[in-house]
Structure formats: C-alpha cells, structure tokens
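Presented below is the structure to which this report refers.
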Amino acid sequence: MRLISTKSAKPGTILAQTIYNDNGQVLIKKGLLLTEKMLNRLLNQGITYIYIEDDLTGDIKIESALSEKLRKEATHAIKDIFFEIKNTGLYDRSYLLEKKGNQLTSVIERIINEIVENEESLSLLADIFVTDDYIFQHSLNVTIYSLAIGTEMQLSHKELSEIGLGAMLHDIGKIFLDQEILKKPNKLSDEEFEIVKSHTQLGFDFLRKNTNTPLVIAHCAYQHHERLDGSGYPRGLAGNAIHKYAKLISIADVFDAVTSNRVYRDAMLPHEGLEILYAGAVNLFEKEMVQAFKKSVAVYPKGLTVGLSDNREGIVVRQNKGLCDRPVIRIISENNNMVTEPYECDLSKAVNVMITSCHID
C-alpha cells in the first residue's frame, strides 16, 4: 500500500486502510473502490492522507500503533469519563474521576505493554479517523507518543504510569469551555484564544481537588503549554520550574497537533512535525526528549514515496529500529526513469545517501 494525499486520489482507487469514525466503527472499509462522493466526504472531514492499493507496494503492510481492540477501548474510556465529568454536578465530579480512575489506569498499563512489545517504530498515520471531537483522539495520541518517549528514555514503570495518566487527562480542562469556540473552523479572536488558554487552569483546578489523583497529574494539565524559555502559558514558567512530565507531554502534544487531520488545515507529515520540534529543541523543548521521540517515531512512515540525494526515488518499505530517519527504501526510479526491477536501499547502510523530498501526489 502507498500513502498519498486525499486530494490527488482518483475515483476508482482502492482504499488500502480502513477509515473509522470516532467511535471506532468502520466508516469506509479497506478494499472498496473510492467514489468521487467518498473522496469529497473525506476532504470535507479534513482527512489529508490515505493509504491506497498499488502494484508496486502490494506487499507492504501497515500496522497500527495499538491493536484495534485496545484503541477502541481507550477511546471509549476517554470519551466516557470526559462526557460524564462534563455532565455531572460540580460536587460529584471528583468522585466520578475516582470511580473511573481504575479503568483509565488499566488502559494505560495495556498501552505501555503494547509499546514495549512493539518492534516497529511508532506511526499513527495508519489509524485514520473521521471525528467531530478532536479532543478524544488527541488525548489518546498524546498518551501513546508520551509513553513512547518515556519508554525510550528508560523511565521507571511508575513514571510511565503517571505520564500516561497525565497525558490522557492533559486537556480535560477543555470540556469546561464553550465547544463552539473549540470547534471554530477559522482563526480565533484574541479574546477567544484567551478563553481556550484557560483550559490549563481549569484542568489543574479540577484535578488537584481529586485527592486520589497525584498532584503531578494536575500539573501535567497545568504546564503542558509552558516552554523552556518562559514564552508559554499560563504562568510563563521556564527551565527546571516546569515539571519533567509536562515537558515530555508538551512535545507529544505539539507533534500530534500538527500531524493530525483537521477540517481547517492539512496535516503535516511526521518529518515536518519533527522539524518543528527540532527548531524549538534549544529554546522551547528539552533536546534529550526530542531526540528520544525521534528514535521512537517513524519519521518516514511505510508507504511514503521519497526522493533521495542521488536522484533516485523510492517507497519506504521497512523501518530500522532506533534509526527512524534511515528506513529501507524500495527504489522505483533512477534519474527520473522507472527501473525495470525495483530493488531495496537500506539507508542505515548507505550512509552517504539522504532523503531530500517526500511525494504524496
């Protein structure tokens, strides 16, 4: 299967990866011929990239970051607790979080286990969802990415469990905001942006009142928009004044925000999202954590067409664990001429060859 932009897909193209709604139900099943109506619907829902069947890539299989069963359970757990907290009276909210806490903890433990056991570099491009409520998928994705960073940094199991819960609840303050502002499809006014920024304080205030939730979890919600140079919010904290977990979650939060499908803008590819993190690796984000993230994530995911520095073009077929920007490429053209027999180039061995471009059209 090959990764292409939805805009460039033609009617009659065969979908290679199932597309789900935010309840985990099948929206468009893999193997179907895409019609013009289907493609327009996907574009209107903000789906930027899709996987299609392709003669050159029929043997390439894309694995989801989590098992389908666990992703469904995790999404439902997040939705259930967020909805119930939003619709419950103020007095009962802390009790509700206490009651649901074991469910979240169980889901986080299983996510940790799947990440540790997964031999592939992390890629969430395979998990394509059409959603009206970005916050639920975003909360899960940030949890997955945060735990991947923590695992690469060899943090203790206790730390991973706390990071997982902090990441899953980092945006819980948004459920107390005006949803019309959160879902506004165009640029926010200054006043609206200030309202959105208040989710950090609202999340902190809610979580710290729950005596069974470690205070550090509340600080994950409070500090995940703080930056090393003091340019973040809500308090403008800098350097070591920001908790380690919040620093880590902030990296996952930014990466998922720019690489996720949104109705009002195209998603970036992983290498573009990583460039944003590296640009801020001195002033905004902890360099060690950004490097750990790079080792965890598939910078160039399988099925992506790339151009090489020696005028060859190919398709990513495999990842090299720990060298996520040096995958194995199936060469399909040399100097703009299609090769008779495609062959592989392992960039972990061809050290003088660089990926110079990505093609999705």
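For what it's worth, this note's numbering labels the leading residue of the sequence shown as 1, then goes sequentially. Where is the CB? At the ideal position from N, CA and C, for every residue including glycine.
Exposure of H157 is indicated by the presence of fewer than 16 other C-beta atoms within 10 angstroms of its C-beta.
Pairwise C-beta distances place the segment 33–45 out of contact with the segment 290–298, as fewer than three of them are shorter than 8 Å. Under the three-pair Cβ rule at 8 Å, the segment 342–356 counts as touching the segment 312–327.
Of the residues F82, K244, D256, the one whose Cα lies closest to the Cα of E286 is K244. Collapsing the DSSP output to three states places N21 in a strand. Per DSSP, Y145 is one residue of the alpha helix (DSSP H) stretching across 134–152. Put simply, the backbone Cα of Q25 is about 15 Å away from that of A77. With contacts defined by Cβ atoms closer than 8 Å, V297 and P270 form a contacting pair. As a beta-bridge residue in DSSP terms, G307 pairs with E313, S357. Under the three-state reduction of DSSP, T200 is assigned to helix.
Within the same chain, N335 come within 6 Å of N311 by CB-CB distance, once the 5 residues on both sides are set aside.
In the three-state DSSP reduction, M1 falls in the coil class, being neither helix nor strand.
Every alpha helix (DSSP H) stretch that sits fully inside the segment 153–210 and reaches 4 residues is listed by chain position as 157–168, 179–182, 190–197, 199–208. Bridge partners of D346 according to DSSP: V328. By alpha-carbon distance to K197, the top candidate from Y134, E84, D178 is D178. Looking at the backbone, the Cα of E73 and that of E53 are separated by about 29 Å. Bridge pairing for E272: absent [DSSP]. For S146 against A252, the beta-carbon gap comes to about 4 Å, under 8 Å, which counts as contact. Under the criterion of beta carbons closer than 8 Å, L169 and I111 do not qualify as touching, at roughly 14 Å. Counting other Cβ atoms within 10 Å of its Cβ, P11 stays below 16 and is therefore classed as exposed. Under the DSSP assignment, Y222 falls outside any beta strand (DSSP E), being part of the alpha helix (DSSP H) whose first and last residues are 215–223.
The continuous stretches of alpha helix (DSSP H) do not include I50, which lies in the beta strand (DSSP E) extending over residues 49–52. When the Cα atoms are used, Y300 and V316 turn out to be separated by approximately 7 Å.
Ranked by Cα distance from N44, the options S64, K79, T6, I60 are led by T6.
Residue range 68–86 is occupied by the alpha helix (DSSP H) that includes I78. Within the DSSP secondary-structure output, S106 pairs in no beta bridge. Per the DSSP secondary-structure output, L248 pairs with nothing in a beta bridge.
Taking a C-beta distance under 8 Å as the contact criterion, K247 and I62 do not qualify as a contact pair. I135 and E120 have their C-alpha atoms spaced approximately 26 Å apart. Looking at the backbone, the Cα of H225 and that of G232 are separated by about 6 Å.
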